[in-house]
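> Supplied in structure tokens, the structure appears directly below.
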Amino acid sequence: MGYSRKVDVLVPTVSTFIMGTASKRCHLDSRKFSYHEIKSHPEGVEGWLDERWERKDGLMHSFGEEQGFPAKECGPGDVTLVQGSVWQSLLAVAFNLALWVCLAVVIQKKTENVSFWEVLPQYL
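Going letter by letter, the sequence shown gives residues 618 to 741 in my numbering.
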């Protein structure tokens with residue numbers, strides 16, 4: 618990550634997510650922009666995007682030091698707790714995979730051993 622971290626020194630990775638050691642908090646900063654605001658930027662769309670990246674970099678730097686977004690720039694903060702667990706997510710993926718396998722078996726049997734991949738487009 619391109620910013621320093623004073624408190625939360627564990628950089629989130631897929632393995633920390635799977636092991637359940639990733640943070641349970643989710644901080645978001647969102648804004649809505651009109652087409653006119655973006656199109657009428659003095660430096661064009663590229664200049665507008667450059668400003669957004671600079672703002673994001675500043676926010677990430679202050680977040681690394683203060684563990685939150687600055688209220689004066691982002692407004693009052695509301696921390697969202699992440700619900701569920703990694704195992705619930707993995708279970709959902711496994712369930713969907715099992716459904717696809719069952720579908721493949723049923724189609725294979727109904728089509729007299731024609732390849733699943735050849736017949737699949739008919740069912741989608």
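Backbone N, C-alpha and C fix where the C-beta goes; we use that ideal spot for every residue, glycine too.
Since we're looking at a predicted model, the values are computed, not measured.
#1: Starting from E690 and walking both ways along the alpha helix (DSSP H), at which residues does that stretch end?
#2: Report the residue from V662, T630 and L645 whose alpha carbon sits nearest the alpha carbon of S651.
#3: Helix, strand or coil, according to DSSP, for Q725 in the structure here?
#4: Taking R669 as the reference, which of W734, E682, L708 and I655 has the closest Cα?
#5: For the alpha helix (DSSP H) that G744 lies in, which residues bound it at each end?
#6: Classify L707 as helix, strand or coil using the three-state DSSP reduction.
#7: Where do the N-terminal and C-terminal ends of the alpha helix (DSSP H) with H653 fall, by residue?
#8: My output table needs one value for V718: the three-state DSSP class, helix, strand or coil.
The answer reads as follows:
#1: For the purposes of this step, residue 690 is identified with residue 73 of the sequence shown, where counting begins at 1. It spans A688 to C691 - the alpha helix (DSSP H) in which E690 sits, taken as one unbroken run.
#2: In the sequence shown, residue 651 corresponds to position 34, counting from 1. Comparing Cα positions, the closest option is V662.
#3: The residue labelled residue 725 in the question sits at position 108 within the sequence shown. If DSSP states are grouped into helix, strand and coil, Q725 belongs with the helices.
#4: On the sequence shown, position 52 is the one that residue 669 refers to. For R669, the nearest C-alpha among the options comes from I655.
#5: Any question about residue 744 goes unanswered here, given that the chain covers just 618 to 741.
#6: As a first step, residue 707 must be located in the sequence shown, where it is residue number 90. It is helical.
#7: Within the sequence shown, numbered from 1, the residue matching residue 653 stands at position 36. Segment Y652 to K656, the alpha helix (DSSP H) holding H653.
#8: In the sequence shown, the residue the question calls residue 718 occupies position 101. It is helical.
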